[in-house]
Ligand code: SF4
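Chains as they are written, first to last, in the numbering used here: chain F, 1 to 167; chain Z, 1 to 422.
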């Protein structure tokens, strides 16, 4: 996992996947999926996202639907990582499976130290976030299982090459 | 050795690697569920990797989101899904038969004690009949389709005990909304909710499905009822006999928390916009005019919901300011409702009864909300923008409350006071 550098987009608690990516933008067309990111919440966010930007949020990020279009939209916009107080289960699995690092604050109070537009660098392996003021915010180190999927480059890389077809 | 909960036992029974000390266990699954919108997301990768389905008899696929498709783009997605299912020769492809979660619990693949995964968060609903079932994303489901396995972390369990007797005007929806009010949107995060029904009359099976369905709104991984005679009745009626295993927790099972819920005090609840946990007793609600009423989705739309709505609408009319959309959860439910006369009663009263599918629940079709719409819905999520326009507002309630509000043209705190209770 390489170091991610970009600006912070800050969100609150319980940001559900319908708000992250409204159902109206569900599609197999990557361009449509990309444009839908946070569209209802604030249509000005998506056009201003730059590769390497980091989503920062409060509790229960990604609750709700399991639609992986929400992960696709985040990745298609070049968001490099999501840092939150904690994550909803399905979202966390989906993100990890697709090689999008999701890390939690070691101390939830550190959320208050971040603001939209701030420049940060996230070191997934080290589990740290550095701000432009050179503050270091510790994150919770990912477990062995998550590291294994990261190292492989996503869950699909752990598949047997081709599974044996059924007789 | 401390006692085990239902999810402990089901995960233990399905573990397929020896390394049982690791946090994540590799488990065999008994069944996989998928629908058009999520399965379509995995087909390209599945084919690119040259995969085949590990056991096609254990897969249930249903086109419920786009059934039938409302746009050309969705028709293309639907066709892609259907041709995938046919090329893979999946025998349980349920074409236009209703919402996948309802179809799963109507099917023999879903058995007590089973471990089931599905490409949709409400897969958890099968917990209503004693299965440990959970939703995952397309990539996880692709992996399971190819291998018959997945990884699972042992969840902590919260026991929820129901006591007392539910008032006749309240139902499973009110119970689970009350629980959401207690636990919030993340109170069950990563947890298994284990429901112990010690209530006076026992919750009916439809109420249990409504509760298990919305366990995911509390963040839970499983929402499983301790199987009892209601469960056994359901299986015997469905399969002719009990085929699965009634997995019950040990008497000394270790729970992270125990919640006691006295149902006798439980009057109707509503969740206000824009969170299913934004719950108040209906009697405390500020009156609000509605433009739309929706009875449907996998959260309800079952026979008892249609029966309650039909009872409310007998010899009454839907308010002229309200569009009332009704969608039975499956074609099976639809047929039963037809035979019972509910469809006729609802139609006479002015409701629109639509073909079984997700419909307006996910903002897909058959009643999507505009900016000025205020909806009272028996679905499971009132997240902002989910049912349509970002500015539309959805209140969640039981089918009975939805029907009463449809007649009144408003959600009011006195909905159960002056309409003549039966
Ligand atoms: S009815 Fe609603 S919640 Fe249920 S599967 Fe369909 S879109 Fe999802």
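Beta carbons: idealized from backbone N, C-alpha and C, even for Gly.
Computed from a prediction, not measured in an experiment: that's the story for all the values here.
Per DSSP, the beta bridge partners of residue 132 of chain Z are Z/115.
Between residue 234 of chain Z and the set Z/112, Z/352, Z/140 and Z/381, the nearest pair of CA atoms involves Z/112.
A Cβ-Cβ distance of about 5 Å is found for the pair residue 14 of chain Z and residue 115 of chain Z, placing them in contact under the 8 Å criterion. Of all residues in the segment 166 to 193 of chain Z, only 185, 186, 189 and 190 come within less than 8 Å of chain F when Cβ atoms are compared, listed by chain position.
In summary, residue 60 of chain F is buried, with 16 or more beta-carbon neighbours lying within 10 Å of its beta-carbon over all protein chains present. With distances taken between CA atoms, residue 368 of chain Z lies nearest to Z/325 out of Z/55, Z/200, Z/325 and Z/145. It is roughly 17 Å from the alpha-carbon of residue 103 of chain F to the alpha-carbon of residue 70 of chain F.
DSSP lists no bridge partner for residue 141 of chain Z.
Take the alpha-carbon of residue 248 of chain Z and the one of residue 200 of chain Z: they are about 20 Å apart.
Counting along the chain, no alpha helix (DSSP H) covers residue 375 of chain Z; the unbroken beta strand (DSSP E) around it starts and ends at 374 to 377.
Only residues of its own chain outside the window of five on either side were considered, and among them 124, 125, 126, 127, 128, 195, 223, 224 and 225 have a CB closer than 8 Å to the CB of residue 212 of chain Z, listed in chain order.
Legend: CB atoms of the segment 16 to 27 of chain F lying less than 7 Å from CB atoms of chain Z belong to residues 16, 18, 19, 22, 23, 24, 26 and 27. Residue 7 of chain Z and residue 137 of chain Z have their alpha carbons spaced roughly 21 Å apart.
With respect to the C-alpha of residue 141 of chain F, the residue from F/153, F/33 and F/107 having the closest C-alpha is F/107. Taking one beta carbon from each stretch, the segment 75 to 94 of chain Z and the segment 160 to 175 of chain Z have fewer than 3 pairs nearer than 8 Å; the two do not touch. For residue 90 of chain F, the C-beta contacts it makes with chain Z under 8 Å involve 121, 135, 136 and 137, in order along the chain. The beta carbon of residue 269 of chain Z does not come within 7 Å of any beta carbon belonging to chain F, so the residue lies off that interface. Note that the C-beta distance between residue 163 of chain Z and residue 308 of chain Z is not below 7 Å. A residue is called buried once 16 or more other Cβ atoms fall within 10 Å of its Cβ, and residue 14 of chain F is buried on that count.
Neighbourhood of residue 362 of chain Z in chain F, by CB distance below 7 Å: 23, in chain order.
Take the alpha-carbon of residue 50 of chain Z and the one of residue 95 of chain Z: they are about 25 Å apart.
The continuous beta strand (DSSP E) containing residue 9 of chain F extends over residues 4 to 10. By the 16-neighbour rule on beta-carbons within 10 angstroms, residue 401 of chain Z is buried. In the three-state reduction of the DSSP assignment, residue 30 of chain F falls in the helix class, which pools H, G and I.
By the CB criterion at 7 Å, residue 34 of chain Z and residue 133 of chain Z fall outside the cutoff. Closest option to residue 416 of chain Z, judged by alpha-carbon separation, among Z/312, Z/83 and Z/29: Z/312. Residue 362 of chain Z has its CB nearer than 6 Å to a heavy atom of the ligand SF4.
Residue F/74 holds the alpha-carbon nearest to the alpha-carbon of residue 48 of chain F among F/74, F/84, F/66 and F/111. Between the segment 284 to 296 of chain Z and the segment 149 to 164 of chain Z, the count of Cβ pairs shorter than 8 Å is below three; the stretches do not touch. Leaving aside the five residues that flank residue 149 of chain F on each side, the residues in its chain whose CB is nearer than 6 Å to its CB run, in chain order, 96 and 155. For residue 63 of chain F, at least one C-beta of chain Z is nearer than 7 Å to its own C-beta. The segment 359 to 368 of chain Z makes no contact with the segment 340 to 351 of chain Z; the number of CB pairs closer than 8 Å stays below 3. Comparing alpha-carbon positions, the option among Z/390, Z/176 and Z/323 lying closest to residue 259 of chain Z turns out to be Z/176. Under DSSP, residue 192 of chain Z shares a beta bridge with Z/157 and Z/222. Cβ contact annotation for residue 295 of chain Z (same chain, cutoff 6 Å, sequence separation greater than five): 309, 326, 378, 399 and 402, in chain order.
The beta carbon of residue 384 of chain Z sits closer than 8 Å to those of 273, 274 and 390, all from its chain and outside the five residues before and after it, given in chain order.
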